[in-house]
Structures are given as structure tokens and as C-alpha cells.
Amino acid sequence: MKIVAVCGLSVGSSVIAKMNIESILSEEKRDDIDVDTVDLGSITSAPADIYVTTRELFEGFPDEDRDKTIVLTNFVDKNDIKAHLDPKLQELEK
Amino acid sequence: MANTLEITPQEIQLKATATNWEEAIKVAANPLVNSNRITEDYVTSMIDSVKKLGPYIVIAPGLALGHARPSAAVKETSFSIATLRQPVKFGSKDNDPVDLIVILASTSDTAHLSLLQKIVTFLNDSNNLTELRKAETHDDATQIANKINGG
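Line by line, the protein sequences are chains E and P.
Following the working numbering, the numbering of the first sequence begins with 12 at its first residue and continues without gaps.
Following the working numbering, the numbering of the second sequence begins with 149 at its first residue and continues without gaps.
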């Protein structure tokens, strides 16, 4: 499975999201999931099972990718990220 | 070299003053401009990216990550942190107002990662955020720098 964190420039916030998601997945012993970063302009060339982004950037998302997107308001609170991520993972793995 | 990159107390400004978000980014970036690690152009790029892409750099309640793409305006990969005495609004629906600004400047897509990981680990702990927001003195800044660098 692949998770892609999307931000405006792909050097800052999405990298932070990636670090925290990798840390959560490592705690959950999910080594079958890869996490990448991409900037919003390159999203179509970065296929993913789950996208992670902010509310502001979600507004610019392609319609077909919206259903698989998690909108985070807090990129540094791992409990909050986990609360969004885990249900999405369960939904995909049903 | 990247692995030995650390933040110093000189790069941590506590209870700084800014009246709006653009000024807040400028103030937070001052230690890096004054030590010639970034140019004024980088500060302009950080502000322009918010104007273009919106306040998405406000990545947590009260916390903005000022950054732009790696470019010639970055002379040395570096970070600075500023807390504000009075918070400012960035226009973020979820996370305004902002009283904590982290400036990230990198010479490449990877040069900043080791120190960014340390800063993220620090920010993950809500006790650290509380401590940082309360901090006032140079000694406080030293303690915070040590805590971040310690990983």
C-alpha cells in the first residue's frame, strides 16, 4: 500500500507528515506501507491508496482523488494523525 | 555534515513582536538573514508561497512552518524558531492565531532532514510546545536548543 503526503512545495509540511506517519506505522508494525511526499502540482504522477493533506490544499485536489484523501489540521500531533489514519486503513483493508 | 546540523539558542527568539503574518515571518527569519545563511530573497519567497498557496503552512494550532523551495537564496541549510508575544492571523481556518513560527531553509531536498526530524520529535510532545510558548529568557532558549539537538 502507498500513502502520499501532499503539500505546496514538498519540502516542509508534507515531509513532517511523512515522518510522523512513518513513525505511527512503525509503531503499528506496518512495514508493508510506503510513505512518499509530493507537491500538489505533481499529484497526478504520484498514484496512492491514501493521500494526506491540509484543508487549504484539499480545495485544489482533483475530484477523483478526494475520496481517498485524509485532511489533517495538525501535522505534529501523532495521536490526531493516528485517529484519522487508522480508520482509513481499516476501510481500505475490509 | 548534515548529520551534525544543530539549532543554537541564537536562532531561537522568544516573545518577539510582529503585527501581521508577513512581519512574523520576517522577524522569525532575522537570525538567518543576519548571519548570511539566507538572503532577503528567501524571505520574500516564503511570503510569496503563502500568498500563492494559502495559509497551509500553518500546520498545527498556532504553529506556522515558514519555508520555500531550496534555491540559491539559501547559503546554508538552517532553521530558526520564534515565539510571538501577541499572536497573528495567517488566515488559517483551523489553526489561527499563530504564536509559534519555525523557519526552514534548505540547500537541497534532503539537507534539512536530520535536523527537521529532531524538531518534529520535539514538536510531537505537547509538553515541549507548552514549555516553548512559556519560555522568555536566553537560558530558556539554551535549554530548548539542547532538547531539540538531543533528539
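C-beta atoms are modelled at their ideal positions from N, C-alpha and C, and glycine is treated no differently.
Residue-level contact to chain E via CB, residue i, 9 Å cutoff
i                      : result
residue 189 of chain P : no
residue 159 of chain P : no
residue 217 of chain P : yes
residue 268 of chain P : yes
residue 275 of chain P : no
residue 298 of chain P : no
residue 235 of chain P : no
residue 247 of chain P : no
residue 162 of chain P : no
residue 262 of chain P : no
residue 223 of chain P : no
residue 292 of chain P : no
C-beta atoms of residue i and residue j nearer than 9 Å
i                      : j                      : result
residue 100 of chain E : residue 12 of chain E  : yes
residue 212 of chain P : residue 218 of chain P : no
residue 197 of chain P : residue 215 of chain P : yes
residue 223 of chain P : residue 186 of chain P : yes
residue 296 of chain P : residue 228 of chain P : no
residue 94 of chain E  : residue 79 of chain E  : no
residue 168 of chain P : residue 237 of chain P : yes
residue 210 of chain P : residue 245 of chain P : yes
residue 35 of chain E  : residue 103 of chain E : no
Cβ-Cβ separation, residue j to residue i (assumed contact under 8 Å), whole Å
i                      : j                      : result
residue 259 of chain P : residue 225 of chain P : 4 Å
residue 54 of chain E  : residue 76 of chain E  : 7 Å
residue 92 of chain E  : residue 32 of chain E  : 6 Å
residue 231 of chain P : residue 283 of chain P : 7 Å
Chain P contact for residue i (CB, 9 Å cutoff)
i                      : result
residue 21 of chain E  : yes
residue 89 of chain E  : yes
residue 80 of chain E  : no
residue 100 of chain E : no
residue 27 of chain E  : yes
residue 51 of chain E  : yes
residue 36 of chain E  : no
For the 8 Å Cβ check, are there 3 or more pairs between the segment 75-88 of chain E and the segment 41-48 of chain E?
-> Contact fails: fewer than three Cβ-Cβ distances are below 8 Å.
Are the segment 279-299 of chain P and the segment 153-160 of chain P touching, with three or more C-beta to C-beta distances below 8 Å?
-> With a cut-off of 8 Å on Cβ pairs, the segment 279-299 of chain P is in contact with the segment 153-160 of chain P, counting three or more such pairs.
Fully enclosed by the segment 192-237 of chain P, which alpha helix (DSSP H) runs are 4 residues long or longer?
-> As far as the segment 192-237 of chain P is concerned, it has no whole alpha helix (DSSP H) run of at least 4 residues.
Could you say if the segment 239-255 of chain P and the segment 269-284 of chain P meet the contact criterion of at least three C-beta pairs nearer than 8 Å?
-> Below 8 Å, enough C-beta pairs join the segment 239-255 of chain P and the segment 269-284 of chain P to call them touching: three or more.
Note down, one range per segment and in chain order, each beta strand (DSSP E) of at least 3 residues found wholly within the segment 19-92 of chain E.
-> Runs found: 45-50, 61-64, 80-82.
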